[in-house]
Amino acid sequence: MQYHAFSIAKHGGHVQLIGYRETEPLPELSAHPNVTILSLRAAPRWLQTSNKHLFLLSAPIKVLLQAWTLWQNLGYSASASKWMLVQNPPSIPTLLIVSIICFFRRTGLIVDWHNFGYSILALKLGSDHPMVTVSKWYETTLAKAALANFTVTNAMAKVLKSNFRITAPVLTLHDRPANLYQPLLESERLAFLQRYAVLAKHFNAIVDKKTRLVVSSTSWTADEDFGIFLDALCSYSASATSTHPHLPELAVVITGKGPQKQLYLEKIRVLRQGDALEMVSIYTDWLTFEDYALLLGSADLGVSLHTSSSGVDLPMKVVDMFGAALPVAGWNKYEAWSELVTEDVNGKGFGSAEELADILRQLFDPSSQQLAKLKEGARVESRRRWDTEWGPVAGKLLGLTK
């Protein structure tokens with residue numbers, strides 16, 4: 020959504036960006052004179068839970084608080100505008116509140132579909148749960164209030180037209196990286212690695228390619244099974260200490276925040292104690308946008324565990340990795356995967372821990388040229404940018420580009 024806001028501002032539009040300020044916005048967005056940022060008050064921590072039974076109790080309270088906060092900000096803090104662009108999910112209570120506000124203010128509603136809220140809820144409660152059924156009805160009904168829709172994949176556009184029966188325009192707008200994510204010169208890569216304290220002890224080995232740098236970003240939620248990654252790393256380590264002694268060590272940096280982080284940190288601790296990660300060093304970190312972009316540009320391989328609750332969404336993290344010319348290994352067992360990654364050109368897909376382990380062994384084999392080939396493919400992909408995608412689709416709809 021920040022990319023949308025910055026593009027609108029660059030083309031002369033005035034933007035009121037409303038959202039939770041859990042992280043700092045893009046620097047160029049905060050500094051732009053055409054952008055006003057309005058922060059939503061986050062729900063209390065005690066309402067955040069991964070427990071299924073507690074969720075059923077806390078969710079209604081959380082929804083009411085969110086509805087009130089949204090109503091206050093949209094109805095009173097924000098001034099009326101020609102268009103309101105809202106990202107979905109979250110669907111509840113967002114779609115209801117924005118539909119009401121747009122009706123009374125005669126504002127055109129555009130929904131930017133990144134996934135379906137009910138499919139994410141189904142991960143927590145199960146697809147047959149009554150709340151999931153109600154959520155799906157709510158989402159499909161209120162979706163018809165939009166005057167136009169953007170989707171991140173062609174597959175998602177088909178679902179909106181056929182299953183949701185949306186008759187308003189549905190335009191595919193593939194996510195592309197912001198200009199912040201760029202391929203690095205070797206001098207820039209070395210400068211970042213030298214000052215990045217997390218990898219200080221690996222600096223010389225990474226430069227000499229005796230250690231390979233792997234990066235993954237996660238929200239530590241149920242739609243990303245990080246156990247698959249850990250199992251693959253254990254398998255790689257076992258191979259590197261026995262049948263494949265020529266394999267390099269791996270330094271793995273995992274970025275992000277989320278509810279399951281402590282669970283996996285404990286699993287990593289146990290694996291370390293059992294010497295299952297002898298050839299793998301795992302670090303978790305939370306970086307600024309600028310440093311995260313530099314980390315991606317400095318890495319040898321990116322890993323995505325995004326499994327897609329709907330089957331038709333795509334992980335933005337892979338888009339950012341390609342922006343930095345970083346080849347990707349990702350979970351590929353969903354319909355829209357091929358819209359983002361070209362197999363054996365800029366990335367490789369896997370459907371199990373052992374398949375990921377095989378990919379790691381193949382790519383990091385010193386005698387193999389596969390990684391170099393994927394790197395070149397990712398560099399070509401990095402030339403596809405947000406501005407070139409946004410202008411002909413969103414810019415044209417908003418009347419900001421021809």
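So the sequence shown is residues 20 to 421, counted in the working numbering. Every residue, glycine too, gets a C-beta built ideally from N, C-alpha and C.
According to DSSP, is residue i helix, strand or coil?
i	result
F135	coil
A19	For the chain, the structure presents residues 20 to 421; residue 19 sits outside this window and is missing.
L203	coil
I111	coil
V322	strand
D250	helix
S235	strand
T68	coil
D363	coil
D332	coil
N198	coil
R208	helix
L142	helix
G418	coil
S261	coil
A355	helix
A97	coil
S118	helix
S386	coil
Check the DSSP bridge columns for residue i and list the partner residues they point to.
i	result
T230	E268
V189	N168
V299	L269
L59	Y39
M103	L128
E243	H325
V34	V54
L407	Just to set this straight, residue 407 is Thr in the shown sequence, not Leu. The partner list for T407 (beta bridge, DSSP) is empty, contrary to what the question assumes.
T274	S236 and D304
If residue i sits next to residue j, beta carbons under 8 Å apart, how far is it from one beta carbon to the other, in whole angstroms?
i	j	result
G275	S300	With 8 Å as the limit, G275 and S300 do not qualify as a contact, their Cβ atoms being about 18 Å apart.
H30	L282	With a Cβ gap of about 44 Å, H30 and L282 do not count as contacting.
Y272	V234	It is worth fixing the name first, because residue 272 is Val in this sequence and not Tyr. Indeed they touch by this definition, with Cβ atoms about 5 Å apart.
K394	A344	7 Å
V360	G370	Actually they are not in contact, since the Cβ atoms of V360 and G370 sit about 14 Å apart, beyond 8 Å.
S146	D406	At roughly 38 Å, the Cβ-Cβ gap does not stay under 8 Å, so S146 and D406 are not in contact.
G396	P346	7 Å
E358	L333	7 Å
First and last residue of the alpha helix (DSSP H) that includes residue i?
i	result
N173	N173 to S181
S317	F308 to S317
V153	P149 to L161
Q91	K71 to Q91
F25	Q21 to K29
G342	M335 to G342
V289	K280 to Q292
E374	A372 to L382
L12	Nothing can be reported for residue 12, as the shown portion of the chain is limited to 20 through 421.
Go to residue i, then tell me how far its beta strand (DSSP E) extends in each direction, as first and last residue.
i	result
K394	Here K394 belongs to no beta strand (DSSP E); instead the alpha helix (DSSP H) covers Q389 to E400.
K367	G366 to F369
V217	No beta strand (DSSP E) contains V217, which DSSP labels as neither H nor E.
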